[in-house]
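If you want this note's numbering, it's the 1-based position in the sequence shown plus 457.
We put the CB at the ideal spot given by N, CA and C, even for glycine.
Predicted model only: the values in this text are computed from it and were never measured.
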Amino acid sequence: MRQLILAASIVSLVSCATQPHTPSNAETNQMSQQTSVTESFHSLASTIWDDLSASHKTALPDMSPAALQARYDKHANWLEQLNAINVNQLSTQDRINHAMITYSLKNSVDEYRFNAHYMPLTAEGSFHSSLAFMPGYTRFESVQDYRDYISKLGTVERYMAQQTDWLRKAIDEGYTQPKAAMAGFEESILAYIVQNPEQSVYFDPFKQQPRFVDDATWNELQEQARAVIDNQIMPAYDDYFTFMVTEYLPSSRDSIGAYDLPNGKAFYKNRIEHYTTTDMTAEEIHEIGLAEVERIRAEMDDVIAESGFDGDFDEFVEFLRTDDQFYADTPEELLETAALVAKQMDGKLPGLFKTLPRKPYGIAPVPEEIAPKYTTGRYKGSNRADQAGYYWVNTYALDRRPLYQIPALTLHEAVPGHHLQNAIAGEMENVPEYRQQTYISAFGEGWGLYAEYLGLEAGFYQDPYSNFGRLSYEMWRAARLVVDTGMHAMGWSRERAIDFMASNTALSLHNVKTEIDRYITWPAQALSYKLGELKIKALREQAENELGSDFDLREFHDAILENGSVPLDVLEQHIKQWIAAQKSA
């Protein structure tokens, strides 16, 4: 009897399970509304990204007042539409998509509101140096590609004149960059001025004839390129150099802080929000920086003691800055040292990550035209399938590029830092293009600094000097929190910032000054590194505590990187969901 009852119950359950569920009118309306919201968002986001990423194959963007105003009006309208979307009706991935496209569009709107077009330059360079990357990122696969490139070169003169007009307006309205930070800037313009057009970087695509171009056409293209470089581009650079020397630099402001710009306090607050993706105040960030400096300094003192050096911190730093054993004799030696570290880390990656990218990376020196005022190293990614990413190493002034800092620099810029993160993002599947290409500084630079720390777990920093180099780089990023907020919100002088950085890091004095000038002319960007790293480390600690022996470092790293470069609040939410899923599994 019990079996019959059980059998009947099973039949009843199966019968119920196999009966199709008929959605109620309310459920149908809800699903229809969600579909409508999703489709509307996808259409809007696609339109926005097409506009933000327009390729401009035959002409540089129009920078006239009317054009900028029209772009702002269009972007502001789109931003209102994005903000009106009920994100609770979007899928998890579409919520991330919404956060990413909103981030990019909001920055476009905010930069116009705060007159960023009045300052299209930093201590490292400006539109004149950015334009020089054009030959490298242009694809040449047909004769028409070369003709389009020459047409685009023909708009350089107009583009530079429009930018210069904004700089003149900046002088009149008090938006100039600080004089002290811009000293020597004109040399970076002079580096691109040549007498022979074939020596120009813009002629590089015409130095090797491709197979698909016949001799007559190739000679024609070369002649057209020579003409536009000689008759338009070089005069444009000459004019910009003259303007910089005779008008802009003499008129640059004496103060250094963003607070001294028109609406400067609101501008700096906005830049903090953009670069850190948080609502932290300058004062809060300053205090975090001071605490981190104190913590790292204690670790540095321990390493000095471990090295057996007979002296205090200042004497040890002076030893590192001046002893020949810590410096390369040739640019090739510096590059080879970086290449060896990079290749050694390549072999360690499978132990730290389950997912590795297909795209490789190369190592090259920072272009000599920009090297004197450029940072120590940088990663230059590429969205093109036929180009690798590149880890740039600054080989200018070798006596200021210590070898003991190469391991940390390499892990940050190449692997497991920027190249790994950017390449994985670029190879994400079933996501919009903007998810692959958007770079959020707090995430990307936070990951880069965290990658330096991973070198400890991967067995790098075997001697006290390289470990001190790692700590010096971490101290460098912690000190940024102090000096950036100090200069832009608290009235610090350039000299005070230089003294603070020089007395707490092992950076050469040249690097210290170069970095301080970078922070002065690029407010708040330097805050992203340490704050992003602290967030990633905090999330890792939370995962380790909650998962215990079930914590898998490789899976954690995959979870951090699998959505691309995202705002820190999005990352935090994602990792908390990942932890919950790991517990359930």
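The criterion of a C-beta distance shorter than 8 Å is satisfied by I897 and T734. Here W1035 carries a helix assignment [DSSP, helix/strand/coil]. Burial state of L797 is exposed, judged by a 10 Å Cβ sphere holding fewer than 16 other Cβ atoms. Within the DSSP secondary-structure output, G901 pairs in no beta bridge.
If you ignore the 5 residues before and after K636, its C-beta comes within less than 8 Å of the C-beta of L706, S709, R710 and D711, all in its own chain and listed in chain order. The bridge partners DSSP lists for S583 are L578. Under DSSP, K837 shares a beta bridge with Y847. By the Cβ rule, the stretch 712-727 counts as touching the stretch 970-980, because three or more pairs are nearer than 8 Å.
Segment contact: the stretch 915-926 against the stretch 736-743, fewer than three CB-CB distances shorter than 8 Å; contact not assigned. Collapsing the DSSP output to three states places G819 in a strand. Bounds of the alpha helix (DSSP H) holding M617 are V613 to E630. I863 is positioned such that its CB atom lies closer than 8 Å to that of T794.
By the Cβ rule, the stretch 935-942 counts as touching the stretch 740-753, because three or more pairs are nearer than 8 Å. Shown here for K994: same chain residues with a beta carbon closer than 7 Å to its own, the five before and five after excluded, namely Y907 in chain order. Sorting G948, P662, D771 and A799 by C-alpha distance to the C-alpha of A871 places A799 at the top.
Distance check between E826 and each of T852, W1035, V702 and I742 places T852 closest, using alpha-carbon atoms only.
Taking the Cα positions, R858 is about 8 Å away from L791.
By the C-beta density criterion, L1018 is buried, having at least 16 other C-beta atoms within 10 angstroms.
When the five nearest sequence neighbours on each side are left out, the beta carbons in the same chain lying within less than 7 Å of the beta carbon of A715 are those of G721, F724, Y725, H945 and P980, in order along the chain. Per the coordinates, the alpha-carbon of H967 lies some 38 Å from the alpha-carbon of S521. C-alpha of Q893 to C-alpha of Q550: approximately 13 Å in a straight line. Taking one beta carbon from each stretch, the stretch 658-668 and the stretch 593-606 have 3 or more pairs nearer than 8 Å; the two touch. Excluding sequence positions up to five before and after V774, its CB lies within less than 6 Å of the CB of A963, all in the same chain and listed in chain order. Around the beta carbon of T787, fewer than 16 other beta carbons sit within 10 angstroms, so the residue counts as exposed.
R710 has P635 as its beta-bridge partners, per DSSP.
At least 8 Å separates the beta-carbon of S561 from that of T779.
By the Cβ criterion, the stretch 753-773 is not in contact with the stretch 942-959, since fewer than three pairs of Cβ atoms, one from each stretch, lie closer than 8 Å. Secondary structure of T832 (DSSP, three-state): coil. The beta carbons of M557 and E643 sit no closer together than 8 Å.
Between the C-alpha atoms of P577 and A618 there is a straight-line separation of about 13 Å. When C-beta atoms of the stretch 1018-1029 are compared with those of the stretch 880-891, three or more pairs fall below 8 Å, so the two segments count as touching. In terms of CA proximity to L1025, G901 leads the group A821, G901, D629 and D567. Only exposed fits D629, as fewer than 16 other CB atoms lie within 10 angstroms of its CB. Shown here, M885 sits in coil according to DSSP, grouped into three states, outside any helix or strand. DSSP places M737 in the coil class of the three-state scheme, outside both helix and strand.
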